[in-house]
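Heads up: the sequence shown begins at 168 in the numbering used here, then just goes up one per residue.
No residue lacks a Cβ here, since even glycine has one placed at the ideal position from N, Cα and C.
In this text, all values refer to a predicted model and were calculated from it rather than measured experimentally.
Down below is the structure, laid out as structure tokens.
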Amino acid sequence: MKILKDIFNFYRLKKTENRYNIGFFCESSFIYEYLEPYIEKKQKKIKVLIISFDNIKPNSIDKESIFIFQTKIFREIVFLTLRLKFLYSSTPNLNQTIFRKSKFSKCKYIYLQHTPVSMTLIYSSNAFDHFDAVQTISKYQYNEMKEIVFKNKLKTKIFKSKYQFINKQIRNNK
């Protein structure tokens, strides 16, 4: 049954893919909680595509823009054939797992933080090597990322911004 759902979702994705410039990879509903503030912000300006491996429960996101894939083969095919300008993700290790860069577009891959912890202690040494840009949410992370870029001779852009998940929690608690 999963394979049939994936075939249907893949067909639906390819049929509508040209409507989107921006996408988010929300691997699970857990990660979706962290990315939701960014998705909502982008969605105010432009139509946003969401790829997930898990059933996510969006609050204000168009369900037609969500594509869920549950089989390994379709997870891999989706990433390899994706045609977007930007893909945001909170999943590290791009090109080292099923999560791979597209072979058909010059998509920019942007890593968004889902945790305020060290970038060198909990991630593998090359977890960010294939991203075009990486968000940092503290001076400590920014300095770590500068060191990673220098040591690995990367062209990765580093940008510092607020940790949106905290703001979301504050709003929810009020």
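Own chain partners of residue i with C-beta closer than 7 Å, once the 5 adjacent residues on each side are dropped
{"i": "phenylalanine 296", "result": "The residue you asked about is not phenylalanine; residue 296 is aspartate in the sequence shown. Hits under 7 Å: Asn319 and Leu321."}
{"i": "aspartate 299", "result": "Lys275, Tyr276, Ile277, Thr323 and Lys324"}
Presumed contact (8 Å Cβ cut-off) between residue i and residue j, rounded CB distance
{"i": "cysteine 274", "j": "leucine 254", "result": "5 Å"}
{"i": "serine 291", "j": "asparagine 260", "result": "7 Å"}
{"i": "isoleucine 244", "j": "phenylalanine 177", "result": "7 Å"}
{"i": "asparagine 262", "j": "lysine 270", "result": "That pair is no contact at about 11 Å."}
Chain-order list of residues whose beta-carbon lies under 6 Å from that of residue i (same chain, five-residue window excluded)
{"i": "isoleucine 170", "result": "Thr238"}
{"i": "tyrosine 309", "result": "Thr303 and Lys327"}
{"i": "leucine 180", "result": "Phe234"}
Buried versus exposed, by CB contacts within 10 Å (16 or more), residue i
{"i": "arginine 186", "result": "exposed"}
{"i": "tyrosine 199", "result": "buried"}
{"i": "threonine 264", "result": "exposed"}
{"i": "valine 284", "result": "exposed"}
{"i": "leucine 202", "result": "buried"}
{"i": "glutamate 314", "result": "exposed"}
{"i": "phenylalanine 234", "result": "buried"}
{"i": "isoleucine 289", "result": "exposed"}
{"i": "isoleucine 213", "result": "exposed"}
Member of the options whose CA lies at the smallest distance from the CA of residue i
{"i": "glutamine 331", "options": "Leu279, Thr323, Gln308 and Glu314", "result": "Leu279"}
{"i": "phenylalanine 192", "options": "Ser257, Ile223 and Gln263", "result": "Ser257"}
{"i": "proline 204", "options": "Ser285, Pro225, Phe266 and Val301", "result": "Pro225"}
{"i": "lysine 211", "options": "Tyr290, Asp229 and Phe220", "result": "Asp229"}
{"i": "phenylalanine 241", "options": "Phe266, Ile223, Asn262 and Tyr309", "result": "Phe266"}
{"i": "serine 328", "options": "Ile233, Asn293 and Lys306", "result": "Lys306"}
{"i": "asparagine 188", "options": "Phe236, Ser232, Met168 and Asn310", "result": "Ser232"}
{"i": "methionine 168", "options": "Lys268, Phe236 and Lys313", "result": "Phe236"}
{"i": "asparagine 293", "options": "Val316, Asn222, Arg179 and Lys208", "result": "Val316"}
{"i": "aspartate 173", "options": "Phe197, Lys209 and Asn222", "result": "Asn222"}
{"i": "serine 195", "options": "His281, Met286 and Glu184", "result": "His281"}
Contacting residues, own chain, Cβ-Cβ under 8 Å from residue i (five flanking each side not counted)
{"i": "glycine 190", "result": "Val215, Leu216, Ile217, Ile218, Leu249, Leu251, Phe253, Leu254 and Tyr255"}
{"i": "threonine 287", "result": "Glu311, Glu314 and Ile315"}
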